[in-house]
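Asks:
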Amino acid sequence: MINMMTSAQFRLSLFAFLFLGVFCASPLLVRAEEQDEEELKPIEFQDPQLDHEVVFEDEVLPILENNCIACHNASIPESDLNLEELKTMLTGGYRGPAVVPGKPDESLLFMVAARHEEPFMPPLPNEIEAKELTPLELGTIRQWILEGAKADEGSKMKQLAWQPLPKNLQAIYAVELSPWNRYVAAGRSNRISIFEIDTQSEIAQLSDPSLAELQKDGNPFYEGNVAHRDFVQSLAFSPDGRTLASAGYRVIKLWKRVDEPLVKQFELPQEIVALTTNVEANQAAVALADHSIVLVNLADGQVVQTLSGHTDRVTELAYLPENQLASISTDRTLRIWNTADGSVVGQADAEAGLTQLVATAEGILCTGDADGRVQVWTKGESGYQATQTWPGHQGAVNALALTADGKSIASGGADGIIHVRQLTDGAATAKLEQGAPVNALALRSDQQVLLAGSENGVIKFWQLSDGKLLGEQKDNLLEERARLDAQQNQEIAQQHLKIAETALEAATKNKTERDESLKKTQEELEKAKQAVPEAEKIKTAADEALTAAQAELEKDKENADLKKKVEEAQKKVTETTEAVDKAKKNLESLERSVKLSEEAVTKANERLEQATAEKTVRETNKNEAEAAFKTATDTAAANAAAVRKLIPLTNGTYCLSVSSDQTLQLWNPASMQTLDAFNILSQPAADASPLNGQQFVTGGGKTLAVWDLTPDWKLASVLGPTSDDPFDLSSSPFASRVLALDINNDGKLLAAGGGDPSRTGELIIYNLETGEIVHNIDNAHSDTVLTVKFSHDSQQLLSGAADKFVKIHNVADGSFVRSFEGHTHHVLGVAWKADSSVIASSSADDSVKVWNVDTGEQIRTINGFGKQVTDVEFVGTSEQIVDSSGDKSVRLHNTADGKGLKTYAGGTDYMNTVDVSRDGKLVIAGGQDGTLRIWNGEDAKSIMTVEPRDK
6 MINMMTSAQF RLSLFAFLFL GVFCASPLLV RAEEQDEEEL KPIEFQDPQL
56 DHEVVFEDEV LPILENNCIA CHNASIPESD LNLEELKTML TGGYRGPAVV
106 PGKPDESLLF MVAARHEEPF MPPLPNEIEA KELTPLELGT IRQWILEGAK
156 ADEGSKMKQL AWQPLPKNLQ AIYAVELSPW NRYVAAGRSN RISIFEIDTQ
206 SEIAQLSDPS LAELQKDGNP FYEGNVAHRD FVQSLAFSPD GRTLASAGYR
256 VIKLWKRVDE PLVKQFELPQ EIVALTTNVE ANQAAVALAD HSIVLVNLAD
306 GQVVQTLSGH TDRVTELAYL PENQLASIST DRTLRIWNTA DGSVVGQADA
356 EAGLTQLVAT AEGILCTGDA DGRVQVWTKG ESGYQATQTW PGHQGAVNAL
406 ALTADGKSIA SGGADGIIHV RQLTDGAATA KLEQGAPVNA LALRSDQQVL
456 LAGSENGVIK FWQLSDGKLL GEQKDNLLEE RARLDAQQNQ EIAQQHLKIA
506 ETALEAATKN KTERDESLKK TQEELEKAKQ AVPEAEKIKT AADEALTAAQ
556 AELEKDKENA DLKKKVEEAQ KKVTETTEAV DKAKKNLESL ERSVKLSEEA
606 VTKANERLEQ ATAEKTVRET NKNEAEAAFK TATDTAAANA AAVRKLIPLT
656 NGTYCLSVSS DQTLQLWNPA SMQTLDAFNI LSQPAADASP LNGQQFVTGG
706 GKTLAVWDLT PDWKLASVLG PTSDDPFDLS SSPFASRVLA LDINNDGKLL
756 AAGGGDPSRT GELIIYNLET GEIVHNIDNA HSDTVLTVKF SHDSQQLLSG
806 AADKFVKIHN VADGSFVRSF EGHTHHVLGV AWKADSSVIA SSSADDSVKV
856 WNVDTGEQIR TINGFGKQVT DVEFVGTSEQ IVDSSGDKSV RLHNTADGKG
906 LKTYAGGTDY MNTVDVSRDG KLVIAGGQDG TLRIWNGEDA KSIMTVEPRD
956 K
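Going by our numbering, the sequence shown opens with residue 6, and the numbers climb by one from there.
Now the structure itself:
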């Protein structure tokens, strides 16, 4: 939080403000009307005779405070001069630099104030009662310029006095969905929390280490994890969901989700065929291709014991109480090992090769064999003995799973059947038909639902109490995401083609109308060309008749009849002359009309050619997009990799599936949804086993690897200030709070909006890879930029500001494209329709406006809001938008007709921000009450509500 005390940046800005008075105090460079400048004599400066360098804050600033008016700032740059910053003073206006460090006699500030150059400043009289500078004041300014016109050196300028934000300030100004809806990030106060939507849990609270280290009176300056010193104003995820940008006071922070889940890996002497883990001992028992078993310390990869004795492939392992390990093999033996010394402490023979092994907490063993039997082994005086045998599978037993209480066991076989039995007596409680060979089984954390993975890539969710199939999933999430991306591109391409077809129809119609108009005008021209000689012929006859009548009258001058004949002939000449003139003018007019019509036809032809070419391009794009979508769909359907292993993580809160194509997928067994997918294995995993939390171990080839899928977010870099001191913001290109962020669709560019209220509108595009500014778009807006959005193709940048305008700039060069004028108050939110043909803007004038991008015309205004409309987002490729308002509402509207479709109820205070998933199934919002709200976008029911901790 900022305690509004004077800072270096504020002082410099204030200096510029006050300096304005020296230059203007009324319009700059305009002669005072009521006083003749010839009466004003030069002011001789007086040497201040200081024993130190001039301190701007103490000795220059007070002089300027009494002689300043804001007529040369970013909003009102009269004479192209902005005096708000030293750098713009040095650049100057059309008369050159205002200050030349070290050279007062070349500095316009000194020369006009000393009345050595006109126009003299300040003009006298003036409305703010600015007075001429005294010789001592002038000498002080001159000395300051001589010493280099320093604004931040040798002075005692105060820094921002930051204070922790009060606990009662919990407003949410920013929410952002991750690209595939696993997470939502919420900026509450100066903290950023990341929530996993499906499990409804907070998985991270981001922390800036430099803020965590701050102390006050020997205690932490901030309680808990804080991301910024000031309110988090905006958030933006990258397309891959692994980068989150956050906006604060004069700074943008980039947070990275750990991209490499590999914690460590070790090379073993033989290929791995099976493994299990002992979490307490941080140890893995690994079966190798030479039939031996090695115990590996997972801290350093050292083999602490080698167990030898099996004569064929070891298929499964299980740790037992009292430092023992059980192993089974296709050599038809069950062996019990002492892990301390590697000795065999027990052995039992089986009727067939053993394929599966699980153990209860008490050490009871259950095995499955190649002939379809499940056996229970208990320890007696002579070692482990098979006490129960249950046939039932036609083919090998491929998977076993025990309930946590050890009372029930599920077995899955190559026959596609799952048997569930009571462990005590073998009584069957369920027979489940999976429909394909069962390769893996796991239980949900509540032990009520069994997950079964099969050879056809399907995972089914079975309710143990009644054997009911609750659901199934068979999609490879990575391929499904590729399919959805291709589907979206196809829909956009189809929309583009439809727009092009409409434009072509209009161009064709326009061409036909222009051709018809030209033909008609040409026909009229031909008639006009004939009309002129005809009129001239009639005029000639009239002229001759007049000459003849005048000759007759000359012979008989008093003849009344001849006089009348001459008058009538003269009248006829006048009429025919006018007719000739009219015919000629009509001809000239029609010649011009034909020329204009020909030009219109040429333009119509060009427009038709362009529309035809555009349609051809769009049709090609559409065909390519449809082909890509078909390919992605076919790929997703064809590549149903077999599920090899199901590993419960975090005590069953999550489940990890390991597939034959090396894909790992993280599941939420409670919702039966895939949360994430990872293509991180360099080779197929022979086996895998859990550790703590979301850690697990895999074995593939000769490599034993430890992985951790726990989402871990770290501060990666900072954009804005260039100083190594994280608290020195003076070099930031942002004058104040950064209020808006967006990352383009290839994740390479970041757009940021902000500004100095009522003065500047900042619009900056960063290269996310290098952190460098690509474009700092000057004069993008005349007031604070409050919202920014890249178009779907990343070609254009949309922005809205406090100046009431919506604008579009080209991303490639930052050039201005078009503005949209119509709002009567601040523009708070903007959004593109996916095909970039339409935009929507929300405003503090209590409305949403929908605009045609090509023409800039307003399509419609959506009213009915009780207060400011704070945010707006399009839903996927549709014409629908979600919007939030200060009247506590979050709503769904159709931009095609402006109708309200749904209201997402529950808001108790002013709603500041909203986001929506591209499939429209999730709507997220936050507001002044600090509560994060998530709704089902389709039925508008609440899914999740997270109130502030300190509420």
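Even glycine gets a Cβ: it sits at the ideal position worked out from N, Cα and C.
Here the structure is a predicted model, which is why all the values come from computation and not from measurement.
Have a look at ASP471 and SER450 and give me their C-alpha separation to the nearest angstrom.
Replies: Going by the C-alpha atoms only, they are around 18 Å apart.
Asks: Out of SER387, LEU437, CYS371, point me to the one whose CA is closest to GLY411's CA.
Replies: The shortest Cα separation from GLY411 among SER387, LEU437, CYS371 belongs to CYS371.
Asks: Would you give the residue range spanned by the alpha helix (DSSP H) that LEU428 belongs to?
Replies: Segment: none, LEU428 is in no alpha helix (DSSP H) and carries neither H nor E.
Asks: Can you give me the C-alpha to C-alpha distance between THR636 and ALA643, rounded to a whole angstrom?
Replies: C-alpha separation (whole angstroms): 10 Å.
Asks: Leaving aside the five residues before and after ASP548 along the sequence, list all residues of the same chain whose C-beta is less than 7 Å from its C-beta, in chain order.
Replies: Correct list, in chain order: VAL578.
Asks: So for ASP888, helix, strand or coil by DSSP?
Replies: Of the three classes helix, strand and coil, the one that applies to ASP888 here is strand, per DSSP.
Asks: Rounded C-beta distance between LEU456 and ILE464? I'm assuming under 8 Å.
Replies: Confirmed, Cβ separation roughly 6 Å.
Asks: For the ligand GTP, is there a heavy atom less than 6 Å away from the beta-carbon of ARG519?
Replies: This structure lacks the ligand GTP; in fact it carries no ligand of any kind.
Asks: Pop quiz: VAL3 and LEU530 are said to be a contact at Cβ under 8 Å. What is the actual Cβ separation, rounded to whole angstroms?
Replies: The structure shown does not extend to residue 3, since the chain is modelled only from 6 to 956, so the question has no answer here.
Asks: With distance defined between alpha-carbon atoms, name the residue in ALA901, VAL874, THR829, SER820 nearest to TRP856.
Replies: Cα-wise, what sits closest to TRP856 is ALA901.
Asks: Based on DSSP bridge pairs, tell me the residues matched to LEU240.
Replies: According to DSSP, which records beta bridges pairwise, LEU240 is partnered with SER251.
Asks: Please report the straight-line C-alpha distance between SER799 and TYR99, rounded to a whole angstrom.
Replies: Cα to Cα, SER799 sits roughly 36 Å from TYR99.
Asks: Distance check for VAL919 and VAL319, CA to CA, integer angstroms please.
Replies: About 55 Å.
Asks: Rank ASP892, GLY869, SER889, ASN899 by C-alpha distance to the C-alpha of SER883 and give the top, closest one.
Replies: Looking at the Cα atoms, ASN899 is the closest of the given residues.
Asks: Pull the bridge partners of ILE277 from the DSSP assignment, please.
Replies: DSSP output for ILE277 lists LEU293 as bridge partner(s).
Asks: Where does MET916 sit, in a helix, a strand or coil, going by DSSP?
Replies: Three-state DSSP puts MET916 in a strand.
Asks: Residue ranges of each beta strand (DSSP E) run of no fewer than 3 residues wholly in the stretch 719-807, ordered along the chain?
Replies: Runs found: 743-748, 754-759, 767-772, 778-781, 790-795, 801-806.
Asks: Please work out which residues of its chain come closer than 6 Å, Cβ to Cβ, to THR727, disregarding the five sequence neighbours upstream and downstream, and give them in chain order.
Replies: Only SER736 meet the Cβ criterion.
Asks: Taking the alpha carbon of PRO674 as the point to measure from, which residue in LEU696, LEU651, ALA693, PRO695 has its own alpha carbon closest?
Replies: Checking every option, the nearest Cα to that of PRO674 belongs to LEU651.
Asks: Pair every Cβ in the stretch 583-592 with every Cβ in the stretch 531-548, then say whether three or more of these pairs are closer than 8 Å.
Replies: At 8 Å Cβ cutoff, the stretches touch.
Asks: Figure out for me which residue from GLN399, MET116, ARG378 has the closest Cα to the Cα of GLY431.
Replies: GLY431 has its Cα closest to that of ARG378, out of GLN399, MET116, ARG378.
Asks: Whole angstroms is fine: what's the gap from PRO140's alpha carbon to ALA740's?
Replies: Computed Cα separation, rounded: 35 Å.
Asks: Express the C-alpha separation of LEU407 and ASP420 in angstroms, rounding to a whole number.
Replies: Rounded to whole angstroms, ASP420 to LEU407 spans 20 Å at the Cα level.
Asks: Would you list the one or two residues that DSSP bridges to SER459?
Replies: DSSP lists VAL443 as partners of SER459.
Asks: Using the beta-carbon count (16 or more within 10 Å), is LEU601 buried or exposed?
Replies: So LEU601 ends up on the exposed side.
Asks: Give the list of continuous beta strand (DSSP E) stretches no shorter than 3 residues that lie fully inside the stretch 801-873.
Replies: The stretch 801-873 contains these whole beta strand (DSSP E) runs: 801-806, 810-815, 821-826, 832-837, 843-848, 852-857, 863-867.
Asks: Quick one: grab the DSSP three-state call for LYS569.
Replies: LYS569 falls in the helix class under three-state DSSP.
Asks: Give the DSSP-derived three-state secondary structure of LYS926 in the structure shown.
Replies: Coil at LYS926, not helix or strand.
Asks: By DSSP, does ALA574 sit in helix, in strand, or in coil?
Replies: DSSP places ALA574 in helix when its eight states are reduced to three.
Asks: Using three-state DSSP, classify PRO184 as helix, strand or coil.
Replies: It is coil, neither helix nor strand.
Asks: When DSSP labels each residue in this structure, what does GLY657 get in the three-state scheme?
Replies: Of the three classes helix, strand and coil, the one that applies to GLY657 here is helix, per DSSP.
Asks: I'd like to confirm the pairing. Which residues does DSSP put opposite LYS650 in its beta bridges?
Replies: The partner list for LYS650 (beta bridge, DSSP) reads VAL663.
Asks: Should HIS501 go down as buried or exposed, given a rule of 16 or more other Cβ atoms within 10 Å for buried?
Replies: Answer is buried; the Cβ neighbour count reaches 16.
Asks: Helix, strand or coil for GLU356? Go by DSSP, reduced to three states.
Replies: It is coil, neither helix nor strand.
Asks: From which residue to which residue does the beta strand (DSSP E) around ARG196 run?
Replies: Start and end: 196-201.
Asks: By the three-class DSSP mapping on this structure, what secondary structure does GLU477 have?
Replies: If DSSP states are grouped into helix, strand and coil, GLU477 belongs with the strands.
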